[in-house]
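Just so we're aligned: the sequence shown equals residues 142 to 671 in the numbering used here. Yeah, the Cβ is synthetic: ideal placement off N, Cα and C, and Gly gets one too. As the structure is a computational prediction, the values presented were derived from the model and not from experiment. Each remark here refers to the structure printed beneath this line.
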Amino acid sequence: MVLQQKNVKADYDVIVIGSGIGGLVNAALLSLSGKKVCVLEQHYTAGGFTHAYQRKGYEWDVGVHYIGEVHREHAPLRRIFDVVSENRLKWQAMDPVYDRIFIGNESYDLIAGTENFIESLVEKFPEEKQAIIEYVHLVRDVSYRSNKYFAAQAMPKWLAKAYNKVRPKMVRKEYFQTTYEVLSRLTDNQQLIGVLTGQWGDYGLPPKQSSFLMHALLVKHYLNGAAYPVGGASSIAREIIPTITQSGGDVFTDAKVEQLLIENNHAVGVKLANGLEIKAGQVVSNIGYLNTVRKLLPESVQSQFKLREQADKMKSSGGSLCLYAGFKGSAKELGLDTTNLWIYPSADHDFTVSEYEKSCGEDNFPIVYISFPSSKDPEWDERYPGKSTVEIVTLSNMKWFEQWQGSEWNKRGDEYEALKEKLSQRLLDVLFKHRPQLKGALDYYELSTPLSTEFYQLNDNGEIYGLEHSLERFKNSSVHTETPIRNFYLTGADVITAGVGGAAMGGVITTMRMMGMKKANSIQTLLRGK
Numbered sequence: 142m143v144l145q146q147k148n149v150k151a152d153y154d155v156i157v158i159g160s161g162i163g164g165l166v167n168a169a170l171l172s173l174s175g176k177k178v179c180v181l182e183q184h185y186t187a188g189g190f191t192h193a194y195q196r197k198g199y200e201w202d203v204g205v206h207y208i209g210e211v212h213r214e215h216a217p218l219r220r221i222f223d224v225v226s227e228n229r230l231k232w233q234a235m236d237p238v239y240d241r242i243f244i245g246n247e248s249y250d251l252i253a254g255t256e257n258f259i260e261s262l263v264e265k266f267p268e269e270k271q272a273i274i275e276y277v278h279l280v281r282d283v284s285y286r287s288n289k290y291f292a293a294q295a296m297p298k299w300l301a302k303a304y305n306k307v308r309p310k311m312v313r314k315e316y317f318q319t320t321y322e323v324l325s326r327l328t329d330n331q332q333l334i335g336v337l338t339g340q341w342g343d344y345g346l347p348p349k350q351s352s353f354l355m356h357a358l359l360v361k362h363y364l365n366g367a368a369y370p371v372g373g374a375s376s377i378a379r380e381i382i383p384t385i386t387q388s389g390g391d392v393f394t395d396a397k398v399e400q401l402l403i404e405n406n407h408a409v410g411v412k413l414a415n416g417l418e419i420k421a422g423q424v425v426s427n428i429g430y431l432n433t434v435r436k437l438l439p440e441s442v443q444s445q446f447k448l449r450e451q452a453d454k455m456k457s458s459g460g461s462l463c464l465y466a467g468f469k470g471s472a473k474e475l476g477l478d479t480t481n482l483w484i485y486p487s488a489d490h491d492f493t494v495s496e497y498e499k500s501c502g503e504d505n506f507p508i509v510y511i512s513f514p515s516s517k518d519p520e521w522d523e524r525y526p527g528k529s530t531v532e533i534v535t536l537s538n539m540k541w542f543e544q545w546q547g548s549e550w551n552k553r554g555d556e557y558e559a560l561k562e563k564l565s566q567r568l569l570d571v572l573f574k575h576r577p578q579l580k581g582a583l584d585y586y587e588l589s590t591p592l593s594t595e596f597y598q599l600n601d602n603g604e605i606y607g608l609e610h611s612l613e614r615f616k617n618s619s620v621h622t623e624t625p626i627r628n629f630y631l632t633g634a635d636v637i638t639a640g641v642g643g644a645a646m647g648g649v650i651t652t653m654r655m656m657g658m659k660k661a662n663s664i665q666t667l668l669r670g671k
């Protein structure tokens, strides 16, 4: 619902800034606990990176390419979505081969199910069987025990500080090592390491830069396969919002928050860009740590708690290019399945990324991810008969687009459009190499750059994964659900990790912290189905 002053209530218990999945999960759980919640979204549609958009008779998701675990009825993440959507949200499992990794001219399938995953890789690397088995066992163990690592996020901040000091003694050493560091102890086969890290695009950092904790969480997340929301990505927000509104809450769009309102170091509400003030007893930010500090808090508060100083030491994740393409013909007619493609020029991901960055994007793409969203949604043909969509994603950098910063979206001039066309053709060439049957069916395409992400998500660097998933990020314990300002909280991906699953867990953890250690048991009981 578009924000209008006449629709704003005077008795909200909680305000949530940002309608990404972390904010929606937080708002829905609070609503189910009896709170009246107001969610404020600056975009024209709710959902954050889970929203979808339409153009020229097609529809594309902007971030929900696939989600693990949710197709398994008793999986914790599935239970979270069942609870916050009150079982309205449905999922369609993808094909068993959920990801196909291309390194040069060789391809490797990642197949749903632990044994299938192992057997498929052993078939390609028979001499590495023991290393592959040890790798999978390690990934599972690190993932299963990650609750010990993240436990502090649900504690009061004073207790979390004490917990984090002893945390390194409570978890495996691999939690504080890079992905490459861990894998190179298991094997010296660089091709195998390149394959095992072939999903690094899902968290944005190549193996020598990324945290193995993040890598293990991601790999385990998809180990039993993946699924897609029935009705498309926009169904996620669409099916959660009624849980919020039926409890007296609201979800407003076109509602940009300009500043947090603070009295005696207590959050009391927010001021919007249009001057409207909305009050509540608690406020939650779901717009990322850096945006929260730099854009919501008065400079005096930033200085008082040294928050700006902390924020300036942190790095955001990288930007991306995404080509949204539409084709004439159904998935069946075009011979498309649901398997995602990850395409790399070589197994040395760090080297190819470095060369690409040195060339300012002129060198070969170090990674290309191709998704077929219309093939994944069983209701697609009902909504868009005779059509198909593809999304092609690669890395980018806001610095390469600096000359157009500050310009208006869709009015950036001929030089910008020419650059976009050049990049689009390069990405289409990769697609047609792997799916040549699509070349004659191409009907429409458009490219998003980091400037597009900045415009729609208000991320200064056009980043797509919040804080970068490096060792430094996971060693830094300053980002917590509880802030120095009373009754003001953080949620979403920066509280846990990137991805729909990580951000959703952020929503859960923040809710538990807001309710206090005693009442938090009610949330755990709800999510356990008891």
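Length of the line joining the Cα atoms of residue i and residue j
i      : j      : result
Pro309 : Tyr290 : 9 angstroms
Val534 : Phe492 : 19 angstroms
Glu562 : His610 : 31 angstroms
Gly345 : Val336 : 16 angstroms
Ile334 : Met142 : 48 angstroms
Ala582 : Lys469 : 5 angstroms
Gly159 : Gly189 : 7 angstroms
Ile664 : Ser461 : 36 angstroms
Tyr585 : Leu568 : 14 angstroms
Val149 : Gln387 : 15 angstroms
His490 : Leu251 : 18 angstroms
Lys574 : Cys463 : 18 angstroms
Lys499 : Asp395 : 39 angstroms
Thr624 : Tyr304 : 17 angstroms
Val424 : Lys177 : 12 angstroms
Val238 : Leu477 : 13 angstroms
Glu233 : Asn405 : Correcting the residue identity first, residue 233 is Gln in this sequence and not Glu. One C-alpha to the other measures close to 49 angstroms.
Tyr597 : Glu264 : 44 angstroms
Gly527 : Phe615 : 46 angstroms
Val225 : Met311 : 32 angstroms
Proximity to residue i [Cα-Cα], best of the options
i      : options                        : result
Thr666 : Val180, Gly188, Arg220, Val211 : Arg220
Thr320 : Leu354, Leu431, Ala301, Leu333 : Leu354
Asn617 : Tyr316, Val155, Ala168         : Tyr316
Pro348 : Leu612, Glu498, Lys456, Thr651 : Leu612
Tyr485 : Leu475, Ile511, Ala472, Arg313 : Ile511
Leu437 : Ala466, Ala295, Ser426         : Ser426
Ile132 : Lys659, Ile244, Lys447         : The structure shown does not extend to residue 132, since the chain is modelled only from 142 through 671, so no value can be given for it.
Thr622 : Met656, Ala272, Gly198         : Met656
Val398 : Tyr606, Met455, Lys420, Ile377 : Lys420
Lys231 : Ser352, Gly198, Ala293, Ala374 : Ala374
Glu269 : Met296, Asn228, Gln332, His212 : Gln332
Exposure label - residue i; buried when at least 16 CB within 10 Å
i      : result
Cys501 : exposed
Ala414 : exposed
Lys517 : buried
Leu300 : exposed
Asp453 : exposed
Ala368 : buried
Glu256 : exposed
Glu380 : buried
Asp152 : exposed
Gln146 : exposed
Asp329 : exposed
Trp550 : exposed
Arg84  : As displayed, the chain neither begins before 142 nor continues past 671, which places residue 84 out of reach and without an answer.
Beta-ladder partner(s) of residue i, from DSSP
i      : result
Trp232 : Pro370
Thr666 : None, per the DSSP bridge assignment.
His407 : Glu404, Arg627
Val238 : Ile252
Val180 : Val157, Val392
Ser512 : Glu532
Thr319 : Ser352
Trp483 : Ile242, Tyr510
Lys412 : Gln400, Glu418
Lys463 : The sequence given here places Cys at residue 463; Lys does not occur at that position. Answer is Val534, Ser589.
Gly209 : Ala367
Tyr194 : Trp201
Phe468 : Ser529, Leu583
Glu247 : Ile244
Test: residue i CB closer than 8 angstroms to a CB of chain C
i      : result
Tyr153 : Of the protein chains in the structure, only one exists, and it is not chain C.
Cβ-heavy atom distance, residue i to the ligand GTP, below 7 angstroms
i      : result
Trp299 : Of ligands this structure carries none, so the ligand GTP is not represented either.
- Item | Inter-stretch contact at 8 angstroms, needing at least 3 Cβ pairs: the segment 636–646 / the segment 354–373 | yes
- Message: Could you check whether the segment 424–437 touches the segment 214–231, counting it as contact only if at least three pairs of C-beta atoms, one from each stretch, sit closer than 8 angstroms?
- Response: no
- Message: With three or more C-beta pairs closer than 8 angstroms as the rule, is the segment 274–287 touching the segment 643–661?
- Response: no
- Query: Are three or more beta carbon pairs between the segment 508–524 and the segment 271–281 nearer than 8 angstroms?
  - Reply: no
- Pairing CB atoms from the segment 180–188 with CB atoms from the segment 650–665, are three or more of them under 8 angstroms? no
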